[in-house]
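A.B. asks: Those letters in the sequence shown? Residues 6 to 390, per full-length UniProt numbering, in order.
Below: one structure in structure tokens.
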Amino acid sequence: LVSRLTPFTSTIFAEMTALATRTGAVNLGQGFPDTDGPAGMLEEAQRAIASGVNQYPPGPGRPELRAAIAAQRAGYGIEFDPDTEVLVTVGATEAIASALLALTEPGDEVILFEPYYDSYAASVALAGATRKVVSLVDGERFSVDLDAVRAAITPKTRAILVNSPHNPTGTVFTHEELAGIAALCVEHDLIAITDEVYESLTYDLGCGGVPHLPLCTFPGMAERTVTISSAGKMFNCTGWKIGWVCAPEELTSAVRAAKQFLTFVGGAPFQPAVAYALEHESAWVTALRDDLAAKRTRLSEGLAAAGFGVRPSAGTYFVCADVRPLGFSDGAELCLRLPERVGVAAVPVQVFTDTPDAWKHIVRFAFCKKDEVLDEAIVRLHKLA
Ligand code: PMP
Ligand code: GLN
6 LVSRLTPFTS TIFAEMTALA TRTGAVNLGQ GFPDTDGPAG MLEEAQRAIA
56 SGVNQYPPGP GRPELRAAIA AQRAGYGIEF DPDTEVLVTV GATEAIASAL
106 LALTEPGDEV ILFEPYYDSY AASVALAGAT RKVVSLVDGE RFSVDLDAVR
156 AAITPKTRAI LVNSPHNPTG TVFTHEELAG IAALCVEHDL IAITDEVYES
206 LTYDLGCGGV PHLPLCTFPG MAERTVTISS AGKMFNCTGW KIGWVCAPEE
256 LTSAVRAAKQ FLTFVGGAPF QPAVAYALEH ESAWVTALRD DLAAKRTRLS
306 EGLAAAGFGV RPSAGTYFVC ADVRPLGFSD GAELCLRLPE RVGVAAVPVQ
356 VFTDTPDAWK HIVRFAFCKK DEVLDEAIVR LHKLA
């Protein structure tokens with residue numbers, strides 16, 4: 006294995022899921038739902054297979070899906086031309102990798118916020134670029150230190166990768182934070198790559214919470230933002246791997262140049278099904294969001310009752326907790342022992358950082374599970390005290 010990939014031989018999700026399976030633990034590690042997406046969408050996929058939608062789709066993705074993606078983005082007040090400014094990818098993961106491969110030269114710097122989703126560091130490395138990491142601040146909520154972002158920018162900085170709602174912390178970047186990031190991108194002529202896969206999962210709206218705000222809607226950002234999202238989290242179909250890129254034509258065609266030699270195309274019969282869901286299932290998505298908001302509260306309260314120092318989660322599938330109040334000092338050590346000891350799997354946040362010591366007290370739990378699964382995990386976690 007080449008040296009630039011040796012730090013990335015396994016993923017924490019595969020490791021913790023294997024450990025959970027081996028020990029029979031409740032798996033609150035890897036974030037995937039344990040219920041299916043909307044029935045109409047599932048039927049559309051079956052219909053597509055039965056009616057012969059089984060060969061290579063067009064390079065940019067099937068037209069009905071690109072049209073549905075453009076229509077969904079129009080809901081935020083942004084226009085994308087489905088023919089030239091939308092590209093269907095094999096999940097957000099491929100979109101992120103393609104964007105980095107297409108838009109950064111070896112030696113360019115890419116700013117990431119830590120903790121960062123694991124594929125970011127690996128994809129930056131694949132591109133031969135260098136990551137510059139800015140820590141979120143662990144306080145009343147996990148917040149963005151704009152001075153630290155400014156300090157991380159150098160003449161070599163090419164791009165910044167912004168993930169809100171944010172995995173693993175569950176923080177949703179505020180208008181002020183996004184406006185500050187946008188101003189720095191404009192000032193320093195940076196490309197923004199945004200990972201918005203949790204765009205439909207923001208909670209606490211109407212109680213001081215923050216709605217999803219696409220970075221490309223901020224002044225000066227439309228022409229420099231590669232917006233990425235995916236159907237997995239929107240419609241409970243993480244295994245379908247249908248994602249997309251929306252960006253100005255020049256950026257979209259650059260990303261497409263990389264994407265076509267990674268996978269060429271993907272998921273033909275899922276594409277019309279996701280198009281259907283984008284067009285017809287917005288009420289289902291709202292219900293999913295409300296359901297997940299309640300699960301967020303259920304697990305957060307349960308963890309607090311079990312003695313964890315729970316951090317607020319305003320979006321995503323995840324809540325983070327401080328393990329120190331329970332007398333532990335190292336989340337990685339705890340997560341390795343947790344499945345055997347009490348029968349629950351979780352993910353240590355330090356593995357998503359370049360400064361593990363600063364994050365080793367934080368562990369991530371997924372709440373995208375049936376209530377009885379969450380309740381069982383909480384009962385088990387009480388045995389830690
Ligand atoms: N970005 C984030 C923040 C994620 O949590 C995930 C996975 N759930 C992805 C990207 C990957 O999305 P996809 O499965 O569509 O590739
Ligand atoms: N995004 C999911 C998580 O953060 C898992 C994705 C994966 O297994 N790569 O848990």
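Even for Gly, the Cβ is constructed at its ideal location relative to N, Cα and C.
1. Short of 7 angstroms in beta carbon distance, which residues of its chain neighbour Leu92, apart from the five on each side in sequence? Order them along the chain.
2. Please look up how many angstroms separate the CB atoms of Cys325 and Gly175, rounded, as I've assumed it's under 8 angstroms.
3. Flag this pair as yes or no: are the beta carbons of Leu218 and His180 separated by less than 8 angstroms?
4. Give the straight-line distance between the Cα atoms of Arg9 and His366, rounded to the nearest whole angstrom.
5. From Val349 to Cys190, what distance separates their C-alpha atoms?
6. Cα-Cα, which of Glu20, Ala197 and Val139 is closest to Ala164?
7. Compare the C-alpha of Asn172 against each of Glu204, Asp362, Val154 and Phe269 and name the closest.
8. Below 8 angstroms, how does it come out for the segment 333-351 and the segment 378-389: are there three or more Cβ pairs, yes or no?
9. So which of Asp86, Pro353 and Cys242 has the shortest CA-CA distance to Ala337?
10. Going by C-alpha to C-alpha distance, which of Pro274, Phe333, Ala23 and Gly185 sits closest to Arg155?
11. When burial is assigned at 16 or more other CB atoms within 10 Å of the CB, is Ala288 buried or exposed?
12. Quickly, what does DSSP pair Ala164 with across the bridge? List them, please.
13. How is the alpha helix (DSSP H) around Leu47 delimited, first residue to last?
14. Can you give me the start and stop residues for the alpha helix (DSSP H) that Ile158 sits inside?
15. Which one of Glu182, Pro160, Thr162 and Ala157 has the shortest CA to CA distance from Ser169?
16. Taking the CB atoms as reference points, tell me whether Val95 and Leu105 lie closer together than 8 angstroms.
17. So, using beta-carbon positions, are Gly82 and Thr207 closer together than 8 angstroms?
18. Near the ligand GLN, which residues have their beta-carbon closer than 6 angstroms to a heavy atom?
19. Reducing DSSP to helix, strand and coil, say where Lys375 ends up.
20. Mind checking who Phe370 pairs with in its DSSP beta bridge?
21. Alpha helix (DSSP H) containing Thr28: first to last residue?
22. Would you mind listing the alpha helix (DSSP H) stretches within the segment 65-100 that are 4+ residues and don't spill past its ends, in chain order?
23. Beta carbon of Asp200: closer than 7 angstroms to some heavy atom of the ligand PMP?
24. Classify Leu6: buried if its beta carbon has 16 or more other beta carbons within 10 angstroms, exposed otherwise.
25. The ligand PMP and residue 463: does the residue's C-beta get closer than 7 angstroms to at least one heavy atom of that ligand?
26. Could you give the C-beta distance for Pro68 and Glu286, rounded to a whole number, given that I count them as a contact under 8 angstroms?
27. Under a three-way DSSP split, which group does Phe13 fall into?
28. Would you say the beta carbon of Lys246 comes nearer than 7 angstroms to a heavy atom of the ligand PMP?
29. Could you give the DSSP three-state label for Ala132: helix, strand or coil?
C.D. replies: Based on what the coordinates show:
1. Pro65, Gly66, Trp249, Val250, Thr257, Val260, Arg261 and Lys264
2. 6 angstroms
3. yes
4. 28 angstroms
5. 42 angstroms
6. Ala197
7. Glu204
8. yes
9. Pro353
10. Gly185
11. exposed
12. Val115 and Ile196
13. Ala44 to Ala55
14. Element bounds for Ile158: n/a, residue is neither H nor E.
15. Glu182
16. no
17. no
18. Thr16, Phe18, Gln35, Gly36 and Asn172
19. coil
20. Val324
21. Ile17 to Thr28
22. 68-79
23. yes
24. exposed
25. No statement about residue 463 is possible, as the shown extent of the chain runs from 6 to 390 and does not include it.
26. Incorrect: roughly 20 angstroms between the Cβ atoms, too far for contact.
27. helix
28. yes
29. coil
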